[in-house]
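Numbering (this note's numbering), first residue to last: 20 to 256.
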């Protein structure tokens, strides 16, 4: 779907402006309605497949196999479907079957970022830490949200392994930034497409469930033959 078409459809059905922030906000509204209708505590559900009468779209989240025939039929029958990350492991294996060539970065961009990353890693094994904030604070009760001290320990652990550590995040405070920089980590907080390409150049990525990380790893492997692995951090409880 072209972006302008997506904008038009989203606005026509929801009467809202399409943006990542609005999708995050509207997703929680749908989840809240689902919890009220089904007498559930917040984030106590394992999965959601529901049509929002309020916003006119199909909403899917949690432990759902989107390759299931009935799920695929629902998606095909609705003009707009929103999948809210983080996706569950039942969805993860399907990424290995995706054709990534149409979303891979141009080779010039990849080479430019590879030169930049290599200038900072000095031949060491490259470790990416993907720090997710935002709705991860509340999603499923915060079981995939990790505080600053956790990430500081992760940085120290990998620096002690003599690895080059790169931080990928869109939310970072000055104090945390200063601490991990002192430990020897590099913080990449660029436009999403730059961070996306830089993430592809890592040997290992650690983070909570995230399609951003999974796509980066699979593009690196399938399109460029890179040695990349995504290590899904376990839930805290």
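Note that beta-carbon positions come from the ideal geometry of N, C-alpha and C, so glycine has one too. Predicted model only: the values in this text are computed from it and were never measured.
Endpoints, alpha helix (DSSP H) assigned at residue i
| i | result |
| --- | --- |
| residue 95 | 88-96 |
| residue 50 | 39-56 |
Buried/exposed call for residue i, threshold 16 Cβ in 10 Å
| i | result |
| --- | --- |
| residue 261 | With the chain covering 20 to 256 only, the question about residue 261 has no answer from this structure. |
| residue 248 | exposed |
| residue 50 | buried |
| residue 44 | exposed |
| residue 226 | buried |
| residue 132 | buried |
| residue 129 | buried |
| residue 244 | exposed |
| residue 153 | exposed |
Alpha carbon of residue i to alpha carbon of residue j, nearest angstrom
| i | j | result |
| --- | --- | --- |
| residue 46 | residue 78 | 8 Å |
| residue 75 | residue 230 | 24 Å |
| residue 73 | residue 32 | 9 Å |
| residue 92 | residue 98 | 12 Å |
| residue 114 | residue 175 | Residue confidence for residue 114 is low, a pLDDT of 49 falling below 50, so the modelled location carries little weight; the figure read from the coordinates is stated next. Between residue 114 and residue 175, the C-alpha separation is close to 31 Å. |
| residue 96 | residue 53 | 20 Å |
| residue 206 | residue 172 | 15 Å |
| residue 41 | residue 35 | 8 Å |
Minimum Cβ-Cβ distance from residue i to chain B less than 8 Å
| i | result |
| --- | --- |
| residue 37 | Among the protein chains of the structure shown there is no chain B, as only one such chain exists. |
Residue range of the beta strand (DSSP E) that includes residue i
| i | result |
| --- | --- |
| residue 67 | 66-71 |
| residue 76 | 76-81 |
beta-carbon residue i near the ligand ADP non-hydrogen atom, thresh 7 Å
| i | result |
| --- | --- |
| residue 202 | This structure lacks the ligand ADP, and indeed carries no ligand of any kind. |
List, from N- to C-terminal side, the alpha helix (DSSP H) runs of 4 residues or more that fit wholly inside the stretch 169-205. DSSP runs (the alpha helix (DSSP H)) wholly in the stretch 169-205: 193-202.
If contact is defined by three or more beta carbon pairs under 8 Å, each pair taking one atom from either stretch, is the stretch 146-162 in contact with the stretch 54-70? The stretch 54-70, when compared against the stretch 146-162, does touch it at the 8 Å Cβ threshold.
Looking at C-beta atoms only, is the number of pairs between the stretch 207-223 and the stretch 233-243 that lie closer than 8 Å three or more? Enough Cβ pairs lie closer than 8 Å, so yes.
For the pair the stretch 170-189 and the stretch 140-152, tell me if three or more CB-CB distances fall below 8 Å. The stretch 170-189 makes contact with the stretch 140-152, as at least three CB pairs between them are under 8 Å.
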